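Protein chains in written order, with our numbering: chain A, 1 to 347; chain B, 1001 to 1347.
See below for the structure under consideration.
2 protein chains.
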Amino acid sequence: MDKKKETITIYDVARVAGVSMATVSRVVNGNSNVKPATRKKVLGVIEQLGYRPNAVARGLASKKTKTVGVVIPDISNAFYSEVTRGIEDIATMYRYNIILCNSDLQQERETQLIETLLEKQVDGLLFLGGNVREEHLRIYEHTNVPVVLVATKVEDNALPAVGIDQHEAAYDATVHFIQGGHKKIALIGGPLTDLVKGYPRYIGYKHALEEHQIEFDEHLIRIGDYRYDSGYQAMSTLLSLTDVPTSVVVLSDEMAVGAIHAILDNGKKIPEDIEVIGYNNIPIASQVRPLLSTVDVPMYDLGAVAMRLLTKYMHGEEVQTGQVTLPHSLKLRSSTRPLGSIEGEQS
Amino acid sequence: MDKKKETITIYDVARVAGVSMATVSRVVNGNSNVKPATRKKVLGVIEQLGYRPNAVARGLASKKTKTVGVVIPDISNAFYSEVTRGIEDIATMYRYNIILCNSDLQQERETQLIETLLEKQVDGLLFLGGNVREEHLRIYEHTNVPVVLVATKVEDNALPAVGIDQHEAAYDATVHFIQGGHKKIALIGGPLTDLVKGYPRYIGYKHALEEHQIEFDEHLIRIGDYRYDSGYQAMSTLLSLTDVPTSVVVLSDEMAVGAIHAILDNGKKIPEDIEVIGYNNIPIASQVRPLLSTVDVPMYDLGAVAMRLLTKYMHGEEVQTGQVTLPHSLKLRSSTRPLGSIEGEQS
DNA sequence: CTGTTAGCGCCTTCAG
DNA sequence: CTGAAGGCGCTAACAG
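Here it is, written out as structure tokens:
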């Protein structure tokens, strides 16, 4: 009675049920051209034999694997794990499974992962974060497997991508402070060499100042690596300035929390002395004191929408546009003062 | 020059290189029985044609897919995403890819995911969290695919599993407070119906009290769902007791942070008035103020070790024992007082 | 060292 | 509504 070992195939089912393989295949695939009686009989045998269709064989024959590849910088990063959740939920909905790969943003590894995924015959590919390089483009060019970028994009929009308007988000956060009457608004951002996140956000901040006739002060800029420690460090140096800023836009929630602690450790009050706005709205933003005001990025939706878009490509459906920008908003909590709570400001 | 569409196969390579499929297969698979000259020629053609081996066909022929299935409660949960990181890193090391599936701890879904993964012919299976049910056991019995449980286990150790000693971890945390001179030690735990986490930890707490002749007080027990809000709630009710506890063991870091905030909101000081110990040591533990003292669970290693163990099973290697218990420790930070900082206590 | 020959388990026309 | 037959792309003996 040890059912281990023996692989039972569609052929076995056919034999026992007294029909052909084709018929079994039809009932397994829900093809309607099968007489109810036959179907019932086959289903019975399948149950009885404990038959389990071999997806690999099926994939070879049908050229569809019902699995999509997901290349992600780091699954242990709260932002990406939330996006991945969105991806997986929609994938499940459309009966796809995902092969997850961490790239750690290493160029070589990214390329190699894409190759591996393609070898595994994924029906589609989701590429998150990271920069899309020439090399990738060349690979994509030579394949029919659809690709959708998430939380990143490529110049001239050569590839479908879903994300938010990074420039505008940083702009909005900065304008919020300007409207609050601030003049000395610091920025703790990411590497400006990063054309997808770091740079556009930086420009958004800068534009906000310019448009409101506030002088841009280089001394108020700090570049971190998006993590807690760098946020703490950056804020500490900002605090040691003769002219301490009264507000700071921090381009990641983790850095923002680090900044908050640096401020608190410095004996200053938030938001009374210094106001802080973070970026992304990951869970920790609502689990620290003071509650972190931040740019609310629809992480889950980013993944969900991207996966949905990918299914359209995989199914050959018409797609209006491959470039989708999801809305963001400012989630104001207690690391900022309510607008209007200070000496009169407009709008 | 549009290489799209045309699928180039091992046969094409063989033809162009003027050798047989077998030879091409050999060089692709690094078989040494190939004359260097031939190998070089074949490699050249592969490059020239842009040949990419079809892993699905290979899987069908070799009965190995080089992919393992991972059933996880929720990838957006910090604990599991960290474990998954460990899994993926080791999987990469052994050239495996992982198919990731969220179960949300739903019994039916778990079963269905295992089935799907088996259909996809994964070489191995990792089942995280969640309870292993009769149904699962029955499936495992009828397959040769090795399974390793992570952060969960099954009665009588019928399946290989890697985790920590839950009972002891809770015991240790409790004892720490006892040694600190506490008598009123509260517990914020998880459902006692959970025989893998909730119950054993609860018992560990209880044993610690018993062994140190401290009366168990039911009023000091709260059951949460491991999340921030429930920790806040639970602590709030504890704070409203006439006899407020002086310390609290919280069985998840998120609940612990919630508890911390409830205490702070109540105007009490940590650790002066109340000491708090969390559980797991996820990133947030070191990103809140006061820094959370907690049970350090080697999350990454849990995943890494489990994956490593799985490779042994998949490769038919000898395995000493399938039951591995990784060490935990108390990570003392600032939500607890240093031992000995209060009226003398022994060791 | 290299080629031949069977399949792996299933889908998919094409007949009937 | 059902069966027969030919692959899908590759691996794995087995010869030579």
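Yeah, the Cβ is synthetic: ideal placement off N, Cα and C, and Gly gets one too.
Note that the coordinates shown come from a computational prediction; the quantities given were computed from them, not determined experimentally.
Whose C-alpha, out of the options, is nearest the C-alpha of residue i?
i                  : options                                    : result
Leu1220 of chain B : B:Tyr1232, B:Gly1198, B:Val1244, B:Arg1201 : B:Val1244
Phe177 of chain A  : A:Leu195, A:Tyr205, A:Lys269               : A:Tyr205
Val145 of chain A  : A:Lys184, A:His207, A:Thr67, A:Ser103      : A:Thr67
Thr336 of chain A  : A:Leu105, A:Asn281, A:Val248, A:Leu241     : A:Val248
Met307 of chain A  : A:Thr23, A:Ile90, A:Ala14                  : A:Ile90
Cys101 of chain A  : B:Glu1168, B:Gly1086, B:Leu1118, B:Pro1191 : B:Gly1086
Met1255 of chain B : B:Gly1267, B:Tyr1226, B:Ile1282            : B:Tyr1226
Glu1168 of chain B : B:Ala1057, B:Glu1082, B:Glu1134, B:Thr1325 : B:Thr1325
Pro53 of chain A   : A:Ser293, A:Asp253, A:Ser76, A:Val24       : A:Val24
Ile1008 of chain B : B:Leu1330, B:Val1276, B:Leu1049, B:Ile1188 : B:Leu1049
Leu1330 of chain B : B:Asp1012, B:Thr1092, B:Gly1278, B:Leu1192 : B:Gly1278
Glu108 of chain A  : A:Glu47, A:Thr38, A:Val19, A:Val132        : A:Val132
Ile188 of chain A  : A:Asp172, A:Gly224, A:Asp156               : A:Gly224
Would you decide whether residue i is buried or exposed? Buried here means 16 or more other CB atoms lie within 10 Å of its CB.
i                  : result
Val1319 of chain B : exposed
Gln121 of chain A  : buried
Pro1327 of chain B : exposed
Leu241 of chain A  : exposed
Lys1040 of chain B : exposed
Thr1152 of chain B : buried
Thr1174 of chain B : buried
Ala1123 of chain B : Note on identity: in this sequence residue 1123 of chain B is Asp, with Ala being the wrong assignment. The residue in question, Asp1123 of chain B, is buried, as its Cβ has 16 or more Cβ neighbours within 10 Å.
Pro1200 of chain B : buried
Glu1006 of chain B : exposed
Asn29 of chain A   : exposed
Asp194 of chain A  : buried
Pro36 of chain A   : exposed
His353 of chain A  : An answer regarding residue 353 of chain A cannot be provided, because it is not within the stretch 1 to 347 covered by chain A.
His315 of chain A  : exposed
Beta-carbon within less than 7 Å of residue i's beta-carbon, same chain only, minus the 5 sequence neighbours each way: which residues are those?
i                  : result
Ala1262 of chain B : Tyr1232, Met1235, Ser1236, Leu1239
Leu43 of chain A   : Val27
Ala1285 of chain B : Asp1253, Gly1278, Leu1292, Thr1294
Val1034 of chain B : Thr1023, Arg1026, Val1027
Between which two residues does the alpha helix (DSSP H) holding residue i run?
i                  : result
Arg15 of chain A   : 10 to 17
Asp1301 of chain B : 1299 to 1314
Val45 of chain A   : 36 to 49
Ser25 of chain A   : 21 to 28
Ser329 of chain A  : Unbroken run through Ser329 of chain A is the beta strand (DSSP E), 329 to 331; no alpha helix (DSSP H).
Ordered along the chain, which non-local residues of its own chain (more than five positions away) have a Cβ less than 6 Å from that of residue i?
i                  : result
Gly1322 of chain B : Pro1160
Glu1345 of chain B : Any answer about Glu1345 of chain B is weak, because its pLDDT of 42 lies below 50 and its placement is not dependable; what the coordinates show is given next. Taken in chain order, the residues that qualify are Gln1179, Gly1181.
Lys1184 of chain B : Pro1245, Thr1246
Val1288 of chain B : Val1257
Val196 of chain A  : Thr152
Ala186 of chain A  : Leu220, Leu238, Pro245, Val248
Asp1165 of chain B : Thr1325
Ala17 of chain A   : Lys41, Val42, Val45
On the DSSP letters alone, give me the boundaries of the beta strand (DSSP E) that residue i sits inside.
i                  : result
Ala1186 of chain B : 1185 to 1189
Phe1127 of chain B : 1124 to 1128
Val257 of chain A  : From DSSP, Val257 of chain A is part of no beta strand (DSSP E) but of the alpha helix (DSSP H) over 253 to 265.
Val1324 of chain B : 1323 to 1326
Gly278 of chain A  : 275 to 280
Ile1090 of chain B : Element bounds for Ile1090 of chain B: not the beta strand (DSSP E) but the alpha helix (DSSP H), 1078 to 1093.
Ile1099 of chain B : 1097 to 1102
Ser1230 of chain B : Segment 1228 to 1239 is the alpha helix (DSSP H) holding Ser1230 of chain B; no beta strand (DSSP E) there.
Ile270 of chain A  : That residue, Ile270 of chain A, is in no beta strand (DSSP E); it is neither H nor E in DSSP.
Which same chain residues, not among the five before or five after residue i, have their C-beta less than 8 Å away from its C-beta?
i                  : result
Phe216 of chain A  : Lys206, Leu209, Glu210
Pro372 of chain A  : Since the first residue of chain A shown is 1 and the last is 347, residue 372 of chain A is not available in this structure.
Ile1203 of chain B : His1167, Ala1170
Pro1298 of chain B : Ile1164, Leu1326, Pro1327, His1328
Ile99 of chain A   : Thr67, Val68, Gly69, Val70, Leu117, Lys120, Val122
Ile1139 of chain B : Thr1111, Ile1114, Glu1115, Leu1118
Ile274 of chain A  : Val244, Pro245, Thr246, Ser247, Val248, Ile263, Lys268
So, with DSSP's three-state summary, where would you put residue i?
i                  : result
Ala1055 of chain B : helix
Ala1170 of chain B : helix
Ala161 of chain A  : strand
Asp1296 of chain B : strand
Gly1180 of chain B : coil
Ser286 of chain A  : helix
Thr67 of chain A   : strand
Ile1072 of chain B : strand
Leu1149 of chain B : strand
Asp2 of chain A    : Low confidence applies to Asp2 of chain A: its pLDDT is 44, below 50, so where it sits in the model is not reliable enough to give any reading.
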